[in-house]
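Colleague: Note that the UniProt record's numbering numbers the sequence shown so that position 157 is 157, with each residue one more than the last.
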Amino acid sequence: MPNPADELPDHDFDADFDGEFPAEIAAELPGFAAPLAPIELELTPEACGERLDKVIAKLVPQFSRGRLQSWIEEGFVTVDGKPAKVRATVYGDEKIVVLPQAAPEDVAFTPEEMDLNVVFEDDHLIVINKPAGLVVHPGAGNWSGTLLNGLLHRWPQLGGVPRAGIVHRLDKDTSGLMVIGKDLPTQTDLVRQLQARTVKREYWALVWGTPRLSGTIDASMGRDQKNRVKMAVSTSLGSKPAITHYQRLESGELDRRPVTLVQCRLETGRTHQIRVHMAHLGFPLVGDYVYGKPHLTGVFHRQALQARRLGLTHPATGAACEWIIPLADDFRALLDQAGIEEPPETVIGDDYEDAEDDYDYDDEA
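Set out below in structure tokens:
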């Protein structure tokens, strides 16, 4: 398994969240997850001819394909009562039983009391306004004080849900909306919505320069070949499709240089997607120390990016839900400094491509 220390800063796991913590580290930390119940699956003829691990990955998307493959190899998946094989082909009428095994990232973290800005909560969902500076998930260098630790303290039942119900993430220094599933069925449904690209995620970003009025950035992304702690636009083997729609809102100046407030809508959810895509166009985010130009990074203490709007279908009721939050105080002050008035609410057209996406747990911005 990959070592989190080899991954991106702030413990951004790679695309499919296959990274797990070293056993010698996890063993030192107290466990906190309830046993996971067996998952029974009955295949249909439509699955005939497909590879077993791919079929299971589609049916239980709340677990990464890497983890599912390891369970198959370790004997925790059976087909018609017999141990399964990773590369086996299915006929479409089998009964599959998956015995989920708690991984270190599920059990190794202690609950910690912290102030959480809860935008919405019911019996199934939690919507959080994550502040800049808060890491989403524990990892190398951030074993405590993360959003996950806070979730476990306020909602202890999340200890029995993979990743404490988290289905996507924001970078440490990106503020804004995140949704958490309170139970496994809700979490699974949210993951499916993300895969189907039906979750509406809109961001406001302040960028250097003046991009065109609107546009779509359709540029695959992968790990930067020269600097492995960065992501980059890439066509190399292993890169994944990435699509960002943007619209120019207002313009201003910082340090006598033009800046523009843009609204971005994610169609995919790749690690650092908005930051990489806007920098690729030549308009890096103000305050972005990773993808911005060094002489322009001192104006703001973080990347000027906020997840401002979130829309989805409620997993339990089927109702259309949408949340919008005001700009963070530091972001609003930055706009004041640039001479930009906060514009009225703008919505980018949301005609999503009708295609399933292999959504990355590592979001996104």
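Beta carbons are placed, not taken as given, at the ideal position from N, Cα and C, and that holds for glycine.
In this text the structure is predicted, and so the values were computed from the model without any measurement.
Which residue or residues does DSSP assign as beta-bridge partners of F120?
Modeller: The residue labelled residue 120 in the question sits at position 120 within the sequence shown. Looking at the DSSP assignment, F120 forms a beta bridge with V127.
Colleague: Less than 8 Å between C-beta atoms, sequence neighbours within five positions excluded: which residues of the same chain meet that for V161?
Modeller: Walking along the sequence shown from the start, residue 161 turns up at place 161. Result list for V161: G181, K182, D183, L184, Q187, in chain order.
Colleague: Could you pull the DSSP bridge partners for K95 from this structure?
Modeller: Residue 95 sits at position 95 when you count from the first residue of the sequence shown. K95 is bridged to E42.
Colleague: So, are the CB atoms of L206 and V259 less than 8 Å apart?
Modeller: Position 206 of the sequence shown, counted from the start, is the residue given in the question as residue 206. Position 259 of the sequence shown, counted from the start, is the residue given in the question as residue 259. Yes, the Cβ-Cβ distance between L206 and V259 is below 8 Å.
Colleague: What's the gap between the Cα of A37 and the Cα of D288?
Modeller: Along the sequence shown, read from residue 1 onward, the residue named residue 37 stands at position 37. Along the sequence shown, read from residue 1 onward, the residue named residue 288 stands at position 288. Each residue's alpha carbon lies about 43 Å from the other.
Colleague: Excluding the 5 residues flanking T44 on each side, which residues of the same chain have their C-beta closer than 7 Å to its C-beta?
Modeller: Mapped onto the sequence shown, residue 44 falls at position 44. When the five nearest sequence neighbours on each side are left out, the beta carbons in the same chain lying within less than 7 Å of the beta carbon of T44 are those of G92, in order along the chain.
Colleague: Please state if the CB of W204 and the CB of R270 are separated by a distance shorter than 8 Å.
Modeller: The residue you call residue 270 lines up with position 270 of the sequence shown. The residue you call residue 204 lines up with position 204 of the sequence shown. No; because the gap between Cβ atoms is not below 8 Å, this pair is not in contact.
Colleague: According to DSSP, what are the bridge partners of V259?
Modeller: Stepping through the sequence shown from its first residue, residue 259 is reached at position 259. DSSP lists W208, G252 as partners of V259.
Colleague: Just to confirm, are I274 and L305 a CB contact at a threshold of 8 Å?
Modeller: By one-based count along the sequence shown, residue 274 stands at place 274. By one-based count along the sequence shown, residue 305 stands at place 305. Yes. Within cutoff.
Colleague: By DSSP, does K54 sit in helix, in strand, or in coil?
Modeller: Looking up residue 54 in the sequence shown gives position 54. Of the three classes helix, strand and coil, the one that applies to K54 here is helix, per DSSP.
Colleague: Are there three or more Cβ pairs, one per stretch, closer than 8 Å when the stretch 320-340 is compared with the stretch 137-152?
Modeller: no
Colleague: Only counting the same chain, and skipping five residues up and downstream in sequence, which positions put a Cβ closer than 6 Å to that of V77?
Modeller: On the sequence shown, residue 77 is found 77 positions in, with the first residue counted as 1. The answer, listed in chain order, is W71, A84, V98.
Colleague: Compare the Cα-Cα distances from V276 to each of P211, V233, D123 and report the closest residue.
Modeller: If you number the sequence shown from 1, residue 276 lands on position 276. With distances taken between Cα atoms, V276 lies closest to V233.
Colleague: Assuming W155 is part of the alpha helix (DSSP H), what are its boundary residues?
Modeller: Position 155 of the sequence shown, counted from the start, is the residue given in the question as residue 155. It is not in any alpha helix (DSSP H) - W155 carries neither H nor E in the DSSP assignment.
Colleague: Would you decide whether N227 is buried or exposed? Buried here means 16 or more other CB atoms lie within 10 Å of its CB.
Modeller: Your numbering for residue 227 matches position 227 in the sequence shown. That one is exposed.
Colleague: Output the boundary residues of the alpha helix (DSSP H) element that contains Q62.
Modeller: Position 62 of the sequence shown holds residue 62. Unbroken run through Q62: none, as it is neither H nor E.
Colleague: Apply the 10 Å Cβ neighbour rule to C48 and answer buried if 16 or more other Cβ atoms are within range, or exposed otherwise.
Modeller: What you label residue 48 is simply residue 48 of the sequence shown in a count that begins at 1. Its Cβ having fewer than 16 others within 10 Å, C48 is exposed.
Colleague: Rounded to the nearest angstrom, what separates V167 and L125 at their Cα positions?
Modeller: Within the sequence shown, residue 167 is the residue found at index 167, counting from 1. Within the sequence shown, residue 125 is the residue found at index 125, counting from 1. The straight-line gap from Cα to Cα measures roughly 11 Å.
Colleague: Just to confirm my understanding: we take D350, look at its own chain, exclude 5 residues before and 5 after, and list those with CB closer than 6 Å. What are they?
Modeller: Here residue 350 is taken as the residue at index 350 of the sequence shown, counted from 1. For D350, the pLDDT reaches just 47, beneath the cut-off of 50, and the residue's location in the model is therefore unreliable, although a value from the coordinates is still provided. Excluding sequence neighbours, D350 sits near K200.
Colleague: In three-state terms, what does DSSP make of T89?
Modeller: Within the sequence shown, numbered from 1, the residue matching residue 89 stands at position 89. T89 falls in the strand class under three-state DSSP.
Colleague: Is the stretch 251-265 in contact with the stretch 206-218, if contact means three or more CB pairs nearer than 8 Å?
Modeller: yes
Colleague: Got a sec? Which residues, its chain only, sit under 8 Å from T89 by beta carbon, not counting five neighbours each side?
Modeller: Here residue 89 refers to the residue found at position 89 of the sequence shown. Within the same chain, T89 has close Cβ partners G49, E50, R51, L52.
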